[in-house]
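Down below is the structure, laid out as structure tokens.
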Amino acid sequence: MKTIMHVDMNSYFATAEQQANPYLRGRPIGIIKGRTGLPAGRQGCIIAASVEAKRFGVKTGSTVWEAKQKCPQIILVPSDMDKYFALTKRMISIISHYSPTIEIFSIDEAFLDVTDTQKIFAGGAWEIALEIKNKIKIEMGEWMKCSIGISYTKLLAKLASEMQKPDGLTFLGPEDYLQKTQNIAVEEICGIGMARTRYLHDRGVFKLGQARKLELPPEIADLVWLKNEEQLTTVDDLDPAKSVGRTFTAFSMLDTQSSILKLVRNLIEETAAKLREMGMGGRTLYLTLNPSPNLGEGHYTKTLKDPVCDPQVIFDLLSREYLKNPVVGIRKAGVNISNLAFSVQRSVFDKREKVLRVVDEVNEKYGLFTAYPASLLGGELIRPEMTGFLGDKWYRFGS
Amino acid sequence: MKNFSVTVIFENGKMVPVSFELNNREYEVKRIPIVFERIDGGRKYLCFGVDTGGALVELRLDRENLQFTVCNFQPV
Numbered sequence: 001m002k003t004i005m006h007v008d009m010n011s012y013f014a015t016a017e018q019q020a021n022p023y024l025r026g027r028p029i030g031i032i033k034g035r036t037g038l039p040a041g042r043q044g045c046i047i048a049a050s051v052e053a054k055r056f057g058v059k060t061g062s063t064v065w066e067a068k069q070k071c072p073q074i075i076l077v078p079s080d081m082d083k084y085f086a087l088t089k090r091m092i093s094i095i096s097h098y099s100p101t102i103e104i105f106s107i108d109e110a111f112l113d114v115t116d117t118q119k120i121f122a123g124g125a126w127e128i129a130l131e132i133k134n135k136i137k138i139e140m141g142e143w144m145k146c147s148i149g150i151s152y153t154k155l156l157a158k159l160a161s162e163m164q165k166p167d168g169l170t171f172l173g174p175e176d177y178l179q180k181t182q183n184i185a186v187e188e189i190c191g192i193g194m195a196r197t198r199y200l201h202d203r204g205v206f207k208l209g210q211a212r213k214l215e216l217p218p219e220i221a222d223l224v225w226l227k228n229e230e231q232l233t234t235v236d237d238l239d240p241a242k243s244v245g246r247t248f249t250a251f252s253m254l255d256t257q258s259s260i261l262k263l264v265r266n267l268i269e270e271t272a273a274k275l276r277e278m279g280m281g282g283r284t285l286y287l288t289l290n291p292s293p294n295l296g297e298g299h300y301t302k303t304l305k306d307p308v309c310d311p312q313v314i315f316d317l318l319s320r321e322y323l324k325n326p327v328v329g330i331r332k333a334g335v336n337i338s339n340l341a342f343s344v345q346r347s348v349f350d351k352r353e354k355v356l357r358v359v360d361e362v363n364e365k366y367g368l369f370t371a372y373p374a375s376l377l378g379g380e381l382i383r384p385e386m387t388g389f390l391g392d393k394w395y396r397f398g399s
Numbered sequence: 001m002k003n004f005s006v007t008v009i010f011e012n013g014k015m016v017p018v019s020f021e022l023n024n025r026e027y028e029v030k031r032i033p034i035v036f037e038r039i040d041g042g043r044k045y046l047c048f049g050v051d052t053g054g055a056l057v058e059l060r061l062d063r064e065n066l067q068f069t070v071c072n073f074q075p076v
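The listed protein sequences correspond, in order, to chains H and V.
Quick note on numbering: the first sequence equals residues 1 to 399 in UniProt numbering.
Quick note on numbering: the second sequence equals residues 1 to 76 in UniProt numbering.
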């Protein structure tokens with residue numbers, strides 16, 4: 001039987017901001033994307049709430065307006081993904097001292113297989129967990145807290161870490177896990193999404209204990225009996241990226257074709273730079289523009305014979321598709337490049353490759369967007385930002 | 001971002017800012033709640049989030065040219 005540990009940083013982004021700014025500690029804060037100072041209706045939603053804000057009912061995904069209704073004293077803090085990712089790297093460095101088999105699940109969660117390494121510690125997995133908690137406080141900051149769950153499968157370890165928050169340590173063993181989990185809400189289980197939750201609620205089932213008394217379809221029964229024995233997926237097990245994309249939601253409506261194409265060009269510059277950094281190119285180009293709800297939605301796609309990573313080529317092709325059937329009045333745009341291949345070879349007589357290489361070298365040395373196309377001049381540049389999901393972890397953490 | 005002067009000490013092999021001078025005023029670093037790295041392209045910056053008692057400041061050290069800059073000056 002394996003021993004799996006799940007480390008989950010509590011209210012991660014908000015706690016990191018409280019660590020950086022001691023005057024925010026113990027106060028309800030909400031992390032928002034972008035900038036503060038905009039009218040409440042235009043600040044979007046809370047992407048993370050502190051433990052104190054959660055006590056008022058503020059959740060991740062609440063709109064700023066809702067959050068202010070529930071907790072008028074909430075302090076809004078703009079997100080700083082560089083800071084969170086730097087702390088994540090430190091967390092990974094800490095836990096990697098305790099096991100070579102680690103699955104980085106998201107920016108604030110990781111699984112460790114300590115089946116063999118726990119034998120080195122007199123206190124076994126408990127000692128490892130306590131040491132990790134202690135090291136997180138010393139190396140990441142005294143305000144940083146994590147909950148740790150220990151069990152023999154990933155699903156149970158994750159459930160255990162969620163049973164006691166913040167700063168918890170929970171063990172679920174094979175002899176008592178059914179009894180300890182019978183009062184857990186069905187929607188808390190990883191794998192029971194909205195449709196399955198509705199299916200169970202329609203049958204009057206809200207807790208795992210109730211669900212276990214019913215005859216259920218096998219795929220749901222396995223989840224309510226917590227029978228998932230999925231293995232850890234380490235960075236070495238991951239495949240290279242299948243697509244690279246970037247989306248952006250503007251602060252105000254984009255009403256003209258030129259402003260939309262400028263945003264698209266910016267997103268393509270970023271996406272293509274990432275592709276070149278990864279040494280890849282893509283054959284399928286995809287642009288999505290989400291107009292206001294009453295106007296339908298704009299999707300544009302182009303598939304090529306050979307992979308490309310030149311932003312000028314990608315922009316020319318996608319803008320041509322856009323101009324065949326343009327939409328305006330949008331707030332959100334996304335560019336995605338898929339069908340990826342390594343080692344894109346360009347014509348040896350093409351001078352563009354030299355230009356792109358020089359641009360990459362300048363940006364590598366002096367910072368991203370030091371050199372960029374003149375067509376983006378005169379506006380605010382949109383810079384890359386990672387998401388909490390860490391979709392590019394193969395590239396970020398791989399050897 | 002402004003260029004300015006920072007006094008640091010080296011403690012156990014690590015750089016620790018102890019004071020900085022900005023607009024002809026000297027600020028003493030009371031505590032450093034967070035130290036982290038920012039990456040911009042290939043450029044790396046070591047960032048010290050410092051508390052002077054009256055303001056929270058991010059002191060950013062460019063690892064390429066070892067120049068400090070001050071960012072995010074927030075009075076408390």
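Glycine included, each C-beta is placed from N, C-alpha and C at the ideal position.
The model shown is predicted, which means the values in this text are computed figures rather than measured ones.
Exercise for review: Pick helix, strand or coil for glycine 124 of chain H, following the three-state DSSP scheme.
Suggested key: Taking the first sequence and counting its residues from 1, the one referred to as residue 124 of chain H is at position 124. In this structure, DSSP gives glycine 124 of chain H a helical state, which the three-state scheme calls helix.
Check your understanding: Closer than 9 Å, CB to CB, is isoleucine 9 of chain V near chain H or not?
Key -> Here residue 9 of chain V refers to the residue found at position 9 when the second sequence is read from its first residue. Under the 9 Å criterion on CB atoms, isoleucine 9 of chain V is classed as non-interfacial with respect to chain H.
Exercise for review: Tell me whether the beta-carbon of threonine 303 of chain H lies closer than 9 Å to the beta-carbon of threonine 288 of chain H.
Suggested key: By 1-based counting over the first sequence, the position of residue 303 of chain H is 303. By 1-based counting over the first sequence, the position of residue 288 of chain H is 288. Cβ atoms of threonine 303 of chain H and threonine 288 of chain H: not closer than 9 Å.
Review point. Which whole runs of the beta strand (DSSP E) in the segment 71 to 135 of chain H are 3 residues long or more, in chain order?
Key: Correct list: 75 to 78, 102 to 106 and 109 to 113.
Practice item. Evaluate glutamate 52 of chain H with the Cβ neighbour count: other Cβ atoms within 10 Å of its Cβ, from every protein chain shown; 16 or more gives buried, anything less gives exposed. Key: Position 52 of the first sequence, counted from the first residue, corresponds to residue 52 of chain H. Buried.
Point to revise | As assigned by DSSP and simplified to three states, the class of serine 249 of chain H | key: Stepping through the first sequence from its first residue, residue 249 of chain H is reached at position 249. Checking the sequence shown, residue 249 of chain H turns out to be threonine, not serine. Reduced to three states, the DSSP call for threonine 249 of chain H is strand.
Review point. Would the segment 114 to 122 of chain H and the segment 89 to 105 of chain H be scored as touching if the rule is three or more Cβ pairs under 8 Å?
Key: Between the segment 114 to 122 of chain H and the segment 89 to 105 of chain H, the count of Cβ pairs shorter than 8 Å is three or higher; the stretches touch.
Practice item. Under the assumption that asparagine 228 of chain H contacts glycine 209 of chain H (Cβ atoms under 8 Å), give the Cβ distance between them as a whole number of angstroms. Key: Your numbering for residue 228 of chain H matches position 228 in the first sequence. Your numbering for residue 209 of chain H matches position 209 in the first sequence. Going by Cβ atoms, the distance from asparagine 228 of chain H to glycine 209 of chain H rounds to 18 Å, so no, they are not a contact pair.
Review point. Going by DSSP, what residues sit across from histidine 299 of chain H in a beta bridge?
Key: The residue given as residue 299 of chain H occupies position 299 in the first sequence. Per DSSP, H:Thr288.
**Study point:** Residues that asparagine 21 of chain H contacts on chain V, provided the C-beta gap is smaller than 9 Å
**Key:** The residue given as residue 21 of chain H occupies position 21 in the first sequence. Residues of chain V passing the Cβ test: Pro33, Ile34, Gly49, Asp51, Leu56, Gln74 and Val76.
Point to revise | Neighbour list for glutamate 21 of chain V in chain H, Cβ cutoff strictly below 7 Å | key: For the purposes of this step, residue 21 of chain V is taken as residue 21 along the second sequence, with counting starting at 1. Here the premise fails: no neighbours, minimum Cβ distance about 23 Å.
**Study point:** Contact between the segment 351 to 370 of chain H and the segment 239 to 256 of chain H (3+ Cβ pairs under 8 Å)
**Key:** The answer is no - the segment 239 to 256 of chain H does not touch the segment 351 to 370 of chain H, with fewer than three Cβ pairs under 8 Å.
Review point. Looking at the structure shown, is tyrosine 322 of chain H part of a helix, part of a strand, or coil, going by DSSP?
Key: Here residue 322 of chain H corresponds to residue number 322 of the first sequence, with the count starting at 1. Three-state DSSP puts tyrosine 322 of chain H in a helix.
Review point. Quick one: is glycine 49 of chain V buried, meaning 16 or more other Cβ sit within 10 Å of its Cβ, or exposed?
Key: Within the second sequence, the letter at position 49 stands for residue 49 of chain V. With 16 or more other Cβ atoms within 10 Å, it is buried.
Review point. What beta strand (DSSP E) runs, 3 residues minimum, are completely inside the segment 200 to 249 of chain H?
Key: You should have found no qualifying run.
**Study point:** Of the residues H:Val327, H:Phe85, H:Thr3 and H:Ala272, the one placed nearest serine 338 of chain H, counting alpha carbons only
**Key:** In the first sequence, residue 338 of chain H corresponds to position 338, counting from 1. Of H:Val327, H:Phe85, H:Thr3 and H:Ala272, the residue nearest in Cα terms is H:Ala272.
Check your understanding: Can you tell me where the beta strand (DSSP E) with glutamine 74 of chain V in it begins and where it stops?
Key -> Here residue 74 of chain V refers to the residue found at position 74 of the second sequence. First-last of the beta strand (DSSP E) with glutamine 74 of chain V: 68 to 75.
Check your understanding: Among all the DSSP beta bridges, which residues are the ones paired with alanine 48 of chain H?
Key -> Residue numbering aside, residue 48 of chain H sits at position 48 when the first sequence is read from its first letter. Looking at the DSSP output, alanine 48 of chain H bridges to H:Ile31.
**Study point:** Among V:Val70, V:Glu64 and V:Phe10, the one whose alpha carbon lies nearest that of leucine 56 of chain V
**Key:** Translated into positions along the second sequence, residue 56 of chain V becomes position 56. Checked all of V:Val70, V:Glu64 and V:Phe10; the closest Cα to leucine 56 of chain V is V:Val70.
Practice item. Take glutamine 164 of chain H and list the residues in its own chain whose beta-carbon comes closer than 8 Å to its own, dropping the five residues that flank it on each side. Key: In the first sequence, the residue the question calls residue 164 of chain H occupies position 164. Result list for glutamine 164 of chain H: Ser147 and Thr170, in chain order.
**Study point:** Option in H:Gly367, H:Ile189 and H:Gly245 with minimal Cα separation from glutamate 219 of chain H
**Key:** Sequence index remark: in the first sequence, residue 219 of chain H carries index 219 (1-based). When only C-alpha atoms are compared, the closest one is H:Ile189.
Exercise for review: Starting from the C-beta of valine 8 of chain V, find all residues in its chain whose C-beta is less than 7 Å away, skip the five residues before and the five after it, and write them out in chain order.
Suggested key: As a working note, residue 8 of chain V is residue 8 in the second sequence. Only Met15, Val16, Pro17 and Val18 meet the Cβ criterion.
Check your understanding: In the structure shown, what three-state DSSP assignment does proline 311 of chain H receive?
Key -> Locating residue 311 of chain H in the first sequence gives position 311, where the first residue counts as 1. The answer is helix: DSSP assigns proline 311 of chain H an H, G or I state.
Review point. Apart from the five residues on each side of it in sequence, which residues of its chain come closer than 7 Å, Cβ to Cβ, to leucine 323 of chain H?
Key: Residue 323 of chain H sits at position 323 when you count from the first residue of the first sequence. Its chain contains no residue whose beta carbon lies nearer than 7 Å to that of leucine 323 of chain H once the 5 sequence neighbours on both sides are disregarded.
Point to revise | Beta-carbon proximity list for leucine 200 of chain H, same chain, < 7 Å, skipping 5 on both sides | key: On the first sequence, residue 200 of chain H is found 200 positions in, with the first residue counted as 1. Cβ contact annotation for leucine 200 of chain H (same chain, cutoff 7 Å, sequence separation greater than five): Val186 and Ala211, in chain order.
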